[in-house]
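What follows is a single structure, written as structure tokens, with notes after it.
Residue numbers (my numbering): 76 to 437.
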């Protein structure tokens with residue numbers, strides 16, 4: 076365990092590379108590192124200094140990753156259970172302020188909460204953890220202990236089946252870290268009931284990072300015909316139906332997801348205004364927008380949601396991803412009525428906001 080008094084290995088940065096750290100950027104790439112002043116094992120806590128030996132902060136080191144250091148703090152800290160408990164409580168206070176009364180939400184959102192490589196989602200009395208960085212992964216026992224002290228959960232699970240872990244030299248793993256869990260968990264998201272398979276479902280179970288967006292998009296749903304593309308278990312579609320949509324049609328490639336979506340619709344008394352298809356969304360949109368010569372595609376939706384999975388695995392795949400985004404938007408827009416609303420989202424790490432907007436507006 077690191078303490079304030081332990082001599083930490085030092086990572087020295089190249090000239091000109093300190094500004095990004097001082098500005099708050101949490102990542103230090105391999106090309107920014109001048110040298111290590113003493114040996115450090117992957118996963119170790121290290122101190123970071125500029126080329127003039129000015130202290131910049133501490134972070135987790137990993138020579139296997141292009142991100143050589145993930146910053147933890149701009150001051151010297153003790154990274155123990157108390158450290159994690161303090162950071163988690165700070166993150167929790169923000170959620171309680173903006174999501175009062177919520178029983179399912181994202182407690183920790185990695186860098187956004189100054190805990191690089193850590194995601195924690197809460198589903199009632201069960202917590203789900205993801206660790207996408209080596210330094211955080213080796214400290215899972217400290218994280219779990221901190222979570223237990225704050226929440227006294229029935230169970231803490233890990234769902235670490237992420238492509239990003241391989242870049243940190245980590246294998247996929249999932250299971251119960253604390254307590255016991257059998258079967259699905261019934262949870263409430265914005266007042267809607269969802270049955271969630273936390274051990275076998277996608278990601279941590281639901282897309283809790285879209286929780287606020289579900290409500291925002293639903294504001295446009297009253298009296299609307301809604302198309303929810305890449306719907307998973309019905310987050311956007313069910314919120315739209317509850318908000319007064321005439322009908323919400325859900326599309327997802329996973330048969331299990333569409334079955335779960337309709338079960339959720341039934342549980343919320345919305346099944347009469349929802350339908351779901353297990354299809355390839357690209358193929359479905361292509362078929363719906365295919366018109367005979369001299370015929371026009373008739374728009375029929377007032378609100379269309381596009382929330383696809385990531386289209387990129389690395390920077391080399393960005394051109395293909397942009398072509399995919401262009402195609403799905405062009406076809407969706409053909410089905411959107413004049414004056415309708417298109418709600419679109421991008422979770423492709425290597426596609427920035429400006430580039431995504433350029434594709435949509437092109």
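Yeah, the Cβ is synthetic: ideal placement off N, Cα and C, and Gly gets one too.
I need the boundaries of the alpha helix (DSSP H) containing residue 399, first residue and last residue. 393-409
Going along the chain, which residues of its own chain have a beta-carbon closer than 8 Å to the beta-carbon of residue 224, five neighbours each way excluded? The residues 156 and 160, in chain order, have a CB closer than 8 Å to that of residue 224 in the same chain once the five nearest residues on each side in sequence are set aside.
Option in 415, 399, 420 and 221 with minimal Cα separation from residue 306: 420
Tell me whether residue 343 sits in a helix, a strand or coil according to DSSP, three-state version. coil
Taking one C-beta from the region 309-327 and one from the region 350-369 each time, how about it: are there three or more such pairs within less than 8 Å? yes
Do you know offhand how far residue 292's Cα is from residue 170's? 20 Å
Answer with buried or exposed for residue 287, where buried requires no fewer than 16 other C-beta atoms within 10 angstroms of its C-beta. exposed
Per the contact definition of three or more C-beta pairs closer than 8 Å, is the region 133-143 in contact with the region 113-122? yes
Which residues in the same chain as residue 382 place their Cβ atom closer than 6 Å to its Cβ, once the five residues preceding and following it in sequence are excluded? Residues of the same chain with a CB within less than 6 Å of the CB of residue 382, apart from the 5 flanking positions on each side, are 305 and 420 in chain order.
Unbroken alpha helix (DSSP H) run spanning residue 96, endpoints: Counting along the chain, the alpha helix (DSSP H) containing residue 96 begins and ends at 93-97.
What first and last residue would you give for the beta strand (DSSP E) that runs through residue 248? 248-254
Would you identify the three-state DSSP class for residue 27, choosing helix, strand or coil? Absent from the model: residue 27. The displayed extent of the chain is 76 to 437, so no value can be given.
Could you give the C-beta distance for residue 215 and residue 252, rounded to a whole number, given that I count them as a contact under 8 Å? 7 Å
Taking the alpha-carbon positions, what's the residue 76 to residue 356 distance? Legend: pLDDT at residue 76 = 45, less than 50; position of this residue unreliable, no value from coordinates given.
Where are the alpha helix (DSSP H) runs, 4 residues long or more, that stay fully inside the region 150-200, in chain order? 156-173
Tell me which same chain residues have a C-beta within less than 7 Å of the C-beta of residue 269, skipping the five on either side of it? 262, 281, 308 and 339
Just the C-alpha distance for residue 25 and residue 425, rounded to the nearest angstrom, thanks. With the chain running from 76 to 437 in the structure shown, residue 25 is simply not present.
Kindly indicate the opening and closing residues of the alpha helix (DSSP H) around residue 293. 286-293
According to DSSP, residues forming a beta bridge with residue 379: 302 and 417
Note down, in chain order, each residue of its chain lying with its Cβ closer than 7 Å to the Cβ of residue 235, except the 5 sequence neighbours on either side. 205, 206, 247, 248 and 249
DSSP state of residue 89, grouped into three classes? coil
For a test of the three-state rule: what should DSSP assign to residue 427, helix, strand or coil? coil
If we count the other Cβ atoms within 10 Å of its Cβ and call it buried at 16 or more, is residue 143 buried or exposed? buried
Cα-Cα, which of 266, 82, 393 and 145 is closest to residue 108? It is 145 whose Cα lies nearest to the Cα of residue 108.
Looking at the strands, I want to know which residues DSSP matches up with residue 142. 104
So if DSSP puts residue 269 in a beta bridge, which residue, or which two residues, is it bridged to? 262
What's the gap between the Cα of residue 333 and the Cα of residue 303? 11 Å
Between the Cα of residue 139 and the Cα atoms of 238, 202, 167 and 243, which residue gives the shortest distance? 243
Using a Cβ-Cβ distance under 7 Å, would residue 375 count as near chain B? Given the protein chain composition of this structure (a single chain), no chain B is represented.
Inter-residue Cα distance where the pair is residue 432 and residue 222: 38 Å
In angstroms, rounded to a whole number, what distance separates the CA positions of residue 312 and residue 103? 40 Å
In chain order, what residues of the same chain have a beta carbon less than 6 Å from the beta carbon of residue 78, not counting five sequence neighbours either side? Note on residue 78: pLDDT 46, under 50, position unreliable in the model; the coordinate value appears next. 153, listed in sequence order.
According to the Cβ coordinates, are residue 229 and residue 254 closer than 7 Å? yes
Candidates 213, 365, 209 and 279: closest to residue 240 by CA position: 209
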